[in-house]
Amino acid sequence: MPRPGQIAAQRKAAFPPSVDERTGLLILGSLPGEASIRQGEYYAHRGNAFWSLIGDVLDEDLRSEAYAMRLKRLRERSVGLWDVIESADREGSLDSAIRGAELRDLSAFVARLPLLRAVAFNGRTAALHGRRQIGTGKGLTLIDLPSSSGAYASMPRERKAEAWRVLRNWID
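Heads up: the sequence shown runs through residues 1 to 172, numbered per full-length UniProt numbering.
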């Protein structure tokens, strides 16, 4: 129940996965933010560095591409995208505002990706929920990344890029 003058949180739902049978690296976020939901695109907010960071990993300028081409280029390089949360109540876009999260069955999902070798978590919330869901013993490398979100401003972009470059070990 919201306090007087406070807006009630709205139920937010995630997008379908962007994967195929060749996915070798899966990058998992938490739940799309407001800009992403409005545009129907992963990481649509201008302040989110995802497309710049993953472009650096792939040595490609993905930011200048249309969204459909961005996803196509990731799939061509065996990189998939999805989120650890199916839906949740959240006012705004911050992970700290997520309430009542309905988590995905990631364990079953990753089992259906025959070439999957690594799962990377974009931010602390994704890692917290994703690691718990996937567990250990599946022969996968689990990688915690600093959040690409502009809200995570305590780490400079170049340090984020350096941390994200570890993904090059998992790119075909």
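Glycine included, C-beta positions come from ideal geometry on N, C-alpha and C.
In this text, all values refer to a predicted model and were calculated from it rather than measured experimentally.
Exposed or buried, which one is residue i when buried takes at least 16 other CB atoms within 10 Å?
i, result
"Pro114", "exposed"
"Ala108", "exposed"
"Gly92", "exposed"
"Asp59", "exposed"
"Ala101", "buried"
Does the beta-carbon of residue i, which I'm using as the reference point, lie nearer than 6 Å to any heavy atom of the ligand COA?
i, result
"Val110", "With respect to the ligand COA, the structure offers nothing, as it holds no ligand at all."
Could you compute how far the alpha carbon of residue i sits from the alpha carbon of residue j?
i, j, result
"Gly130", "Asn48", "20 Å"
"residue 176", "Asp172", "Any question about residue 176 goes unanswered here, given that the chain covers just 1 to 172."
"Thr136", "Leu103", "18 Å"
"Thr23", "Ser154", "32 Å"
"Arg157", "Asp105", "32 Å"
"Val84", "Tyr67", "21 Å"
"Arg159", "Ile134", "27 Å"
"Glu34", "Pro16", "16 Å"
If contacts are defined as beta-carbon pairs under 8 Å, then residue i and residue j qualify, I think. What distance do you get, rounded to the angstrom?
i, j, result
"Ser140", "Leu116", "For the sequence presented, residue 140 should be read as Leu rather than Ser. Indeed, because the Cβ distance is near 7 Å, the residues count as touching under 8 Å."
"Leu53", "Ala161", "6 Å"
"Glu86", "Ala13", "7 Å"
"Ser147", "Tyr43", "Incorrect: roughly 11 Å between the Cβ atoms, too far for contact."
Where does residue i fall in DSSP's three states?
i, result
"Ile27", "strand"
"Arg157", "helix"
"residue 176", "No information on residue 176 is available, as it lies outside the stretch 1 to 172 that the chain covers here."
"Asp95", "helix"
"Asp89", "strand"
"Gly40", "coil"
"Arg63", "coil"
With which residues is residue i paired in a DSSP beta bridge?
i, result
"Leu142", "Val119"
"Gly130", "Paired residue(s): none; Gly130 is not in a bridge."
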